[in-house]
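Residue numbers (mature numbering (1 follows the signal peptide of the UniProt record, and there is no 0)): -26 to -1, 1 to 59.
Written as structure tokens, this is what we have:
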């Protein structure tokens, strides 16, 4: 009886140890997704401010301000991709 319980305990322990790396990988991926999402949200705000500052300074045409905003957003997307992958 004692040997049976010992084998069962060893089997359960082995199963838990084998499944542990999968949990840590999922947690790491979730953290990367979260970090990428945070970067994209910050980028949205930054691109809005870039366009507003450009228009307020009246330095360039609206088309140039839109282009600056697009470039800012594209840079943020690439940064998020670098974090995620």
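C-beta: ideal position from N, C-alpha, C; glycine also.
Under the Cβ criterion (8 Å, minimum of three pairs), the region 29 to 36 does not count as touching the region 2 to 9. For residue 52, the enclosing alpha helix (DSSP H) begins and ends at 36 to 58. When the alpha-carbon of residue 29 is set against those of 56, 55, 12 and 42, the nearest one is in 42. Between the beta-carbon of residue 57 and that of residue 13 there is about 6 Å, and that keeps the pair under the 8 Å contact cut.
When DSSP states are grouped into helix, strand and coil, residue 33 belongs to the coil group. Residue 46 places its beta carbon less than 8 Å from that of residue 20.
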